[in-house]
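First the structure, in the form of structure tokens, and then the observations on it.
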Amino acid sequence: MRFRHLSVLTTLLLTTALTTPLSGTATAAHLSGAAAATELSGTAAAAQLSGAAAATELSGGATTTTRLSGAAAGMRLPHAAGNPASADATARGATSATVAASGTGPGAWEAAGQPEVGSAKAGPAATADELGAVQPEAEAAQPEVGSAKAGPEATTDEVGAATTEDGAATTEVEAAKAEVEAARAEAVGKGWGWPTVLPSLRRNLVAHYDFEHPDPANPATEQDRGRSGTGISLVNGGADMRVRDGAHRGSRTSVQARQVSPTTASSDDWKAGVYSPTGVPTLNAFNAVRGATIMGWFKMTGQNPSPNSNSANPDDFYGAIGLAGVLSGNSQGHDVRALLELITVNGEMRVVALGRRVDGGSSQTFAADRPWQEILPPGEWVFLAATFDYDTATMRLYKNGRPLSGFYTLTGDPWTIEGPPEPDLASPTDPRGIKIGGSYPQNNREGNPCNCRMDSLMFLDRIATPGQVLAQYLLVARHW
47 MRFRHLSVLT TLLLTTALTT PLSGTATAAH LSGAAAATEL SGTAAAAQLS
97 GAAAATELSG GATTTTRLSG AAAGMRLPHA AGNPASADAT ARGATSATVA
147 ASGTGPGAWE AAGQPEVGSA KAGPAATADE LGAVQPEAEA AQPEVGSAKA
197 GPEATTDEVG AATTEDGAAT TEVEAAKAEV EAARAEAVGK GWGWPTVLPS
247 LRRNLVAHYD FEHPDPANPA TEQDRGRSGT GISLVNGGAD MRVRDGAHRG
297 SRTSVQARQV SPTTASSDDW KAGVYSPTGV PTLNAFNAVR GATIMGWFKM
347 TGQNPSPNSN SANPDDFYGA IGLAGVLSGN SQGHDVRALL ELITVNGEMR
397 VVALGRRVDG GSSQTFAADR PWQEILPPGE WVFLAATFDY DTATMRLYKN
447 GRPLSGFYTL TGDPWTIEGP PEPDLASPTD PRGIKIGGSY PQNNREGNPC
497 NCRMDSLMFL DRIATPGQVL AQYLLVARHW
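Each residue of the sequence shown is one higher than the one before, starting from 47 at the first, in our numbering.
The following block contains the structure:
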């Protein structure tokens, strides 16, 4: 039987903390898995002890990590901060095909000698000097933890046990934590840098943009780290849209979107995406799918919503703030199959998941209950996710791995899922593109610009489970 959920079903309340004694001026960053740091004193720093590593004596005035055993002995740290931008597609494990003029390409991954999708970097084994010196360089490049610009710092509530609405045990959270540990151990074992994509999501990761991989032939094009090889254009701002403000561990660079001319009718807003009036063939994984997921990191950096540059009224503002979405198969650049955005609902702007199962058919919106300013505070990196189940007409929203309660805006059966055939799928058409930071990726009109930064945008052709959304957040959150 098919059904529609009228509320979020799962609420995760995370309560357990990692506790490790620290003394002197030492800092302990990334102690996870079976790692144990028992003596951190003096000016020592224990940096990235993960998997089955054991650091038993880091003391005195040591400036490098001198006693690492177990799987950590051959650990390969990512250069400089975990994920530097590089034009060297071979060294970075980028797609082997050159992105076509349309911004798309086959993007097949090299089978030999390259890291799998989701690693931050493949490189030589780290030496003792690198273990001691690379981390300070990384920390210098990142915002200080606790500062307004720092990424989310998982609290004790986000690390431990969870209780669902029906009183279920902590199984899902523990499974999420276990997958995170497995991903980190895999990265150590294969000599990768910090993992950035959860292993269980890789197969369905159609497109992934970390904004650290410009096309060597055109820096205004961003290469896809997902399996489709769908490059996107950095519209109007080009390479200047990449800024040194990584949202999470393993990231150094994000993309800046913004309105350029608030008082002038123009199409010069900074946004990103790809568009084809006949559909983008490399996005055909979204044809006739049962579900989809959009995830990413977002940081509000200016006035939102923006003044409506298409209106002569100076008091007129856009009714939406564009984040990221997959277009439908007949979209004019605005209609979507799956969208994570802020729109006005009943006179109030809200964070929403908005989906359309059938091309040209009705959309449905699931809106978060909480004020959008609480979900996306200015100057703070936040991990958002939206899932779309076309078979049950169910959508969910998440912030920092935890479900957001909300409501649907339409009653009845807007996606026409009642009755045969089963299962209910999206239209079997190539999406006409991906839009990031605005409504029209073909740049023929300004609409709903976002004064914000985005990082590690992920588009999947299936529904990520609540546990996977949580695990993806925990995988890269700076502290947990």
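Idealized CB from N, CA, C, for every residue including glycine.
To the nearest angstrom, how far is it from the Cα of residue i to the Cα of residue j?
{"i": "Y364", "j": "A523", "result": "32 Å"}
{"i": "G425", "j": "P467", "result": "47 Å"}
{"i": "R273", "j": "E227", "result": "24 Å"}
{"i": "V219", "j": "P512", "result": "9 Å"}
{"i": "S312", "j": "G292", "result": "30 Å"}
{"i": "Q410", "j": "K236", "result": "43 Å"}
{"i": "L422", "j": "A414", "result": "12 Å"}
{"i": "T390", "j": "R396", "result": "6 Å"}
{"i": "H254", "j": "W461", "result": "27 Å"}
{"i": "G239", "j": "A233", "result": "6 Å"}
{"i": "L430", "j": "M441", "result": "13 Å"}
{"i": "A358", "j": "R491", "result": "16 Å"}
{"i": "E268", "j": "S408", "result": "32 Å"}
{"i": "V301", "j": "K223", "result": "29 Å"}
{"i": "S322", "j": "R383", "result": "15 Å"}
{"i": "G296", "j": "M341", "result": "16 Å"}
{"i": "I278", "j": "F257", "result": "10 Å"}
{"i": "S352", "j": "P262", "result": "33 Å"}
{"i": "L521", "j": "A221", "result": "13 Å"}
Quick one: is residue i buried, meaning 16 or more other Cβ sit within 10 Å of its Cβ, or exposed?
{"i": "T457", "result": "exposed"}
{"i": "E420", "result": "exposed"}
{"i": "N494", "result": "buried"}
{"i": "A517", "result": "buried"}
{"i": "G406", "result": "exposed"}
{"i": "A14", "result": "Residue 14 cannot be examined here, being either before or after the span of the chain that is shown, 47 to 526."}
{"i": "E464", "result": "exposed"}
{"i": "D315", "result": "buried"}
{"i": "A231", "result": "buried"}
{"i": "T217", "result": "exposed"}
{"i": "S485", "result": "buried"}
{"i": "D437", "result": "buried"}
Quick one: measure Cβ to Cβ for residue i and residue j, integer angstroms, because I've assumed they're closer than 8 Å.
{"i": "L329", "j": "V281", "result": "Wrong, their Cβ atoms sit about 18 Å apart, outside the cutoff."}
{"i": "N350", "j": "N497", "result": "5 Å"}
{"i": "I367", "j": "E387", "result": "7 Å"}
{"i": "T475", "j": "G337", "result": "Actually they are not in contact, since the Cβ atoms of T475 and G337 sit about 16 Å apart, beyond 8 Å."}
{"i": "D459", "j": "W343", "result": "That pair is no contact at about 34 Å."}
{"i": "K481", "j": "G319", "result": "4 Å"}
{"i": "A229", "j": "L244", "result": "6 Å"}
{"i": "R416", "j": "L450", "result": "7 Å"}
{"i": "T339", "j": "L506", "result": "4 Å"}
{"i": "G375", "j": "L385", "result": "That belief does not hold up - the Cβ atoms of G375 and L385 are roughly 15 Å apart, past 8 Å."}
{"i": "K317", "j": "R499", "result": "Their Cβ separation, rounded to whole angstroms, is 12 Å, which puts K317 and R499 out of contact at 8 Å."}
{"i": "A510", "j": "R403", "result": "The Cβ separation is near 18 Å, so there is no contact."}
Which one of the options has the shortest CA to CA distance from residue i?
{"i": "D286", "options": "G277, T299, G275", "result": "T299"}
{"i": "P487", "options": "V397, H380, G406, P417", "result": "H380"}
{"i": "T310", "options": "A439, V398, S355", "result": "S355"}
{"i": "A399", "options": "F412, S408, T390", "result": "F412"}
{"i": "P477", "options": "M441, P449, L373, S408", "result": "L373"}
{"i": "L503", "options": "P469, E464, D270", "result": "D270"}
{"i": "N392", "options": "F453, D361, R402", "result": "F453"}
{"i": "R249", "options": "A331, P327, D256", "result": "A331"}
{"i": "R508", "options": "V515, G483, F434", "result": "F434"}
{"i": "G348", "options": "S377, P308, R304, K317", "result": "R304"}
{"i": "A432", "options": "G277, P262, R295, V515", "result": "V515"}
{"i": "V289", "options": "P469, P260, N489", "result": "P260"}
{"i": "S377", "options": "G479, T455, N264, Y519", "result": "G479"}
{"i": "Y444", "options": "P308, V428, N264", "result": "V428"}
{"i": "D558", "options": "G283, Y519, A439", "result": "What the structure shows of the chain is the stretch from 47 to 526, and residue 558 is not part of that stretch, so it cannot be assessed."}
{"i": "T455", "options": "G401, N264, N489", "result": "G401"}
What is the residue span of the alpha helix (DSSP H) that residue i lies within?
{"i": "E227", "result": "217-235"}
{"i": "R295", "result": "Careful: R295 lies outside any alpha helix (DSSP H) and carries neither H nor E."}
{"i": "Q419", "result": "418-421"}
{"i": "L247", "result": "245-248"}
At what residues does the beta strand (DSSP E) containing residue i begin and finish?
{"i": "Y519", "result": "From DSSP, Y519 is part of no beta strand (DSSP E) but of the alpha helix (DSSP H) over 512-522."}
{"i": "I367", "result": "366-373"}
{"i": "I480", "result": "479-482"}
{"i": "W343", "result": "337-346"}
{"i": "C496", "result": "First-last for C496: undefined, no H or E at that position."}
{"i": "A431", "result": "428-435"}
{"i": "Q302", "result": "300-303"}
{"i": "P449", "result": "448-450"}
{"i": "N264", "result": "264-268"}
{"i": "R383", "result": "382-391"}
{"i": "I509", "result": "No beta strand (DSSP E) holds I509; DSSP gives it neither H nor E."}
{"i": "F412", "result": "409-414"}
{"i": "M441", "result": "440-445"}
Heavy atom of the ligand SAH less than 8 Å from the Cβ of residue i, yes or no?
{"i": "G284", "result": "No copy of the ligand SAH appears in this structure; indeed no ligand is present at all."}
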